[in-house]
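Participant: Pasting a structure here, questions to come.
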Amino acid sequence: KCTASTLDDKFFDRTIFHRVIPGFMIQGGGFTSGMSQKPTKDTIQNEADNGLKNVTGSIAMARTPDPHSASSQFFINVNDNDFLNYTSPNQNGWGYCVFGQVTEGLDVVMKIAGVQTTTVGMHQDVPVEDVVIEAITRA
1163 KCTASTLDDK
1173 FFDRTIFHRV
1183 IPGFMIQGGG
1193 FTSGMSQKPT
1203 KDTIQNEADN
1213 GLKNVTGSIA
1223 MARTPDPHSA
1233 SSQFFINVND
1243 NDFLNYTSPN
1253 QNGWGYCVFG
1263 QVTEGLDVVM
1273 KIAGVQTTTV
1283 GMHQDVPVED
1293 VVIEAITRA
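Read in the working numbering, the sequence shown has 1260 at position 98, and its numbers run on one by one without any break.
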């Protein structure tokens, strides 16, 4: 629901992958170049119990510790991250909702996962050079 309208309004165009952790994931959807934060979208209900798993190449909603706090930030798993999967409807079991899969360009995702990172203000694991998302479209 959230992602379709967010894609249609070009919200993600010219955003950056602002968090990169090798062997784990790359995260985007919240910042533009220079770590300028975008306005947040409304939060959505966590639907991590949809049966989809956090496997290599899957795309999932990022969130705060609140299980129903996802809005526009997402991440791409660069490894099988079973510990992020839904297990039960409680604080520790909600998991992270997978809603997509990289179907082409996983090699590019893996290259992004290997970029050099630094700390910018309070943000850790920020790529030293911006990794810009030119556009995201629905298949």
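Cβ atoms here follow ideal geometry from the backbone N, Cα and C, with glycine treated the same way.
Are there 16 or more other CB atoms within 10 angstroms of the CB of N1239, so buried, or fewer, so exposed?
Facilitator: Buried is the call here.
Participant: Report yes or no: is there a C-beta of chain B within less than 8 Å of the C-beta of P1201?
Facilitator: Among the chains of the structure shown, chain B does not appear; only one protein chain is present.
Participant: Is DSSP giving F1245 helix, strand or coil here?
Facilitator: Correct three-state label for F1245: helix.
Participant: Per DSSP, what are the beta-bridge partners of P1289 in this structure?
Facilitator: T1279
Participant: Report buried or exposed for F1245, applying the criterion of at least 16 other Cβ atoms within 10 angstroms of its Cβ.
Facilitator: exposed
Participant: In whole angstroms, what is the alpha-carbon distance linking N1212 and I1178?
Facilitator: 28 Å
Participant: Which residue's Cα is closest to the Cα of A1222: N1252, I1183, G1257 and V1293?
Facilitator: G1257
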